[in-house]
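Undergrad:
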Ligand SMILES: C[S@@+](CC[C@H](N)C(=O)[O-])C[C@H]1O[C@@H](n2cnc3c(N)ncnc32)[C@H](O)[C@@H]1O
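Residue numbers (full-length UniProt numbering): 1 to 474.
Structure below.
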């Protein structure tokens with residue numbers, strides 16, 4: 001272990017300041033800051049140690065704080081540190097925990113330090129350690145003193161952080177000593193209480209005066225693993241029996257949806273490789289049914305990658321399906337899913353705002369699962385809340401309006417267009433749907449509208465929005 005370190009950052013002495021007195025928090029997004037000063041540097045840490053995993057997670061969290069999505073950040077970390085599968089799992093687990101507790105951890109750090117730790121990787125290391133230490137008693141994955149020791153080891157071993165090893169030690173030990181008072185003080189701030197940026201909390205409260213607390217709470221829970229049974233290969237009843245035979249507890253939660261009692265890796269899911277099931281949230285599974293596809297129809301899936309809904313449509317009927325996505329790099333994901341499930345579609349990298357690629361033949365059904373803030377799927381992507389900015393919903397709503405307007409000409413008379421978002425914000429969803437119906441004199445057919453992701457047992461789904469339009473016959 002390290003000798004008593006020099007403190008380079010001043011540690012605020014007792015008593016803990018109140019949250020109102022704490023230094024101002026950073027804005028939730030600061031893309032001009034370098035998250036890691038020496039990105040390629042790999043300290044000499046044992047690859048099976050907690051320190052190694054804390055460093056990987058801190059690197060990923062720091063990247064999120066400067067604007068990179070967590071999955072991409074983790075991909076970069078793994079490419080650099082060549083972590084073994086078990087260490088990858090731990091790095092992922094720590095960074096996802098840190099995301100779900102970032103508001104509280106950053107507030108605690110603000111209470112215990114006189115200025116924001118620099119570089120961001122240092123603050124991120126503290127956030128990762130605090131996320132492990134702040135878990136409920138009995139749910140802590142590591143002994144608290146092990147976490148402190150390993151966090152100090154990380155700081156000591158890395159040139160970006162060695163200057164502050166004493167600060168890391170002092171902050172984490174102080175948290176252990178004064179946990180109750182510090183938490184009481186931190187939790188006075190909504191950002192610390194809810195673990196969302198203040199603007200997000202305000203927006204949720206304004207949009208859902210009755211349900212905002214349940215929605216925010218559910219967004220911090222670990223998501224369930226829900227599967228879609230491929231109707232071409234099995235039935236829900238047969239698949240539940242198969243799971244029971246394998247000792248896996250599960251329940252039916254939708255027409256084709258089965259939720260496992262405990263999440264497991266995809267490779268361990270019975271029948272996954274053979275295409276019997278796919279991973280898909282119960283809310284997302286409503287799309288194909290709402291489209292009401294029948295054999296022989298021509299269907300366009302206009303924002304298709306990674307192909308979850310594309311594949312579901314093809315499982316339900318023999319349709320001629322064109323799947324486009326503006327991001328060419330995401331098309332192989334659709335192709336992999338189709339291949340695993342034994343299905344086929346025409347795939348094209350195209351922009352749904354343009355008709356330049358269209359041959360002029362109208363479609364019976366169009367699915368517009370448009371790009372959005374993804375505010376309805378934060379339980380699966382807890383980084384999203386820290387990456388988005390207040391104005392994003394409006395910007396994305398402008399883009400999706402252009403997509404919808406362009407796609408409408410491609411729907412045949414009497415044909416249907418299903419508009420889907422995974423957003424909670426009305427600007428992107430209901431307001432958009434209402435304005436679209438007026439602009440195009442489109443008939444609105446029954447559809448669920450906004451699914452509230454409150455985590456209720458029988459309605460355990462993401463926060464999707466559905467509006468279904470029919471084109472009036474000419
Ligand atoms: C919500 S995701 C689609 C999820 C997909 N439907 C599924 O169920 O697996 C939105 C997709 O829209 C794509 N996208 C964004 N802008 C687009 C555009 N202008 N034209 C077509 N696709 C676009 C993104 O690349 C992304 O893959």
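Note that the Cβ used here is the ideal one computed from N, Cα and C, for glycine as well.
Excluding the 5 residues flanking residue 54 on each side, which residues of the same chain have their C-beta closer than 7 Å to its C-beta?
TA: These residues qualify, in order along the chain: 94, 125, 128, 129, 150, 151 and 154.
Undergrad: Below 7 Å CB to CB, which residues in the same chain sit around residue 283 once its five sequence neighbours on both sides are set aside?
TA: Excluding sequence neighbours, residue 283 sits near 451, 461, 462 and 464.
Undergrad: Among 77, 211, 410 and 229, which one has its Cα closest to the Cα of residue 280?
TA: The shortest C-alpha separation from residue 280 is found at 229.
Undergrad: Taking the C-alpha atoms as reference points, what is the distance between residue 21 and residue 263?
TA: Only weak support exists for where residue 21 lies, its pLDDT of 44 falling under 50; the value from the coordinates is given anyway. Cα-Cα distance, rounded: 42 Å.
Undergrad: Check residue 139 in the structure and name its three-state DSSP category.
TA: It is coil, neither helix nor strand.
Undergrad: For residue 344, which residues of its own chain have a beta-carbon under 7 Å away from its beta-carbon, when the five flanking residues on both sides are left out?
TA: Cβ neighbours of residue 344 beyond the five flanking positions: 338.
Undergrad: If you compare alpha carbons, which of 143, 322, 48 and 471 is closest to residue 439?
TA: Out of 143, 322, 48 and 471, 471 has the C-alpha closest to the C-alpha of residue 439.
Undergrad: Who are the Cβ neighbours of residue 458 in its own chain at under 7 Å, not counting the five residues just before and after it?
TA: Once the five neighbours on either side are set aside, residue 458 has no close Cβ partner at all.
Undergrad: List the whole-angstrom C-beta distance separating residue 323 from residue 352, where the pair is believed to meet the contact cut-off of C-beta under 8 Å.
TA: That belief does not hold up - the Cβ atoms of residue 323 and residue 352 are roughly 11 Å apart, past 8 Å.
Undergrad: By the DSSP assignment, the alpha helix (DSSP H) with residue 66 in it spans what residues?
TA: Taken as a continuous stretch (DSSP letters only), residue 66 belongs to no alpha helix (DSSP H), as it is neither H nor E.
Undergrad: Given that a residue counts as buried once 16 or more other Cβ atoms are within 10 Å of its Cβ, and exposed if not, what is residue 456?
TA: So residue 456 counts as exposed.
Undergrad: Please report how far the alpha carbon of residue 47 lies from the alpha carbon of residue 84, in whole angstroms.
TA: When rounded, the distance between both Cα atoms is 8 Å.
Undergrad: Should residue 177 be labelled buried (16 or more other beta-carbon atoms within 10 Å of its own) or exposed?
TA: With fewer than 16 other Cβ atoms within 10 Å, it is exposed.
Undergrad: What are the start and end residues of the alpha helix (DSSP H) that includes residue 94?
TA: It spans 85-100 - the alpha helix (DSSP H) in which residue 94 sits, taken as one unbroken run.
Undergrad: Give me, in chain order, the residues of the same chain whose beta-carbon lies closer than 6 Å to that of residue 161; leave out the 5 immediate sequence neighbours on both sides.
TA: Same-chain partners within the cutoff: 122 and 155.
Undergrad: Could you tell me which residues DSSP puts in a beta bridge with residue 411?
TA: 363, per the DSSP bridge assignment.
Undergrad: Give, in chain order, every unbroken run of the alpha helix (DSSP H) that is at least 4 residues long and sits entirely within the region 262-306.
TA: Entirely contained in the region 262-306, the alpha helix (DSSP H) runs reaching 4 residues are, in chain order, 286-291.
Undergrad: Is the CB-CB distance between residue 424 and residue 453 below 9 Å?
TA: Yes, they are a contact pair.
Undergrad: Rounded C-beta distance between residue 302 and residue 367? I'm assuming under 8 Å.
TA: So it is a contact: roughly 6 Å between Cβ atoms.
Undergrad: Nearest to residue 43 by CA position, among 163, 429, 251 and 158, is which residue?
TA: Among 163, 429, 251 and 158, the Cα nearest to that of residue 43 belongs to 158.
Undergrad: Spatial neighbours of residue 404 within its chain, please: C-beta separation below 8 Å, excluding the five flanking residues on both sides.
TA: These residues qualify, in order along the chain: 368, 370, 417, 419, 432 and 436.
Undergrad: For residue 414 and residue 294, I'd like the C-alpha separation in whole angstroms.
TA: So the two alpha carbons sit approximately 14 Å from each other.
Undergrad: Can you determine whether any heavy atom of ligand 1 sits closer than 8 Å to the C-beta of residue 501, and answer yes or no?
TA: Absent from the structure is residue 501, since the part of the chain shown begins at 1 and ends at 474.
Undergrad: Measure the Cβ-Cβ separation of residue 315 and residue 298 and say whether it is below 9 Å.
TA: No, the pair does not count as a contact, with Cβ atoms beyond the cut-off.
Undergrad: Have a look at 141, 393, 412 and 388 and flag the residue whose alpha-carbon is nearest the alpha-carbon of residue 67.
TA: The option with the nearest alpha carbon to residue 67 is 388.
Undergrad: Does at least one heavy atom of ligand 1 sit under 8 Å from the Cβ of residue 69?
TA: No, the Cβ of residue 69 stays beyond 8 Å of every heavy atom of ligand 1.
Undergrad: Can you name the residues that DSSP bridges to residue 416?
TA: In DSSP, residue 416 forms a bridge with 365 and 470.
Undergrad: What are the start and end residues of the beta strand (DSSP E) that includes residue 444?
TA: Element bounds for residue 444: 443-450.
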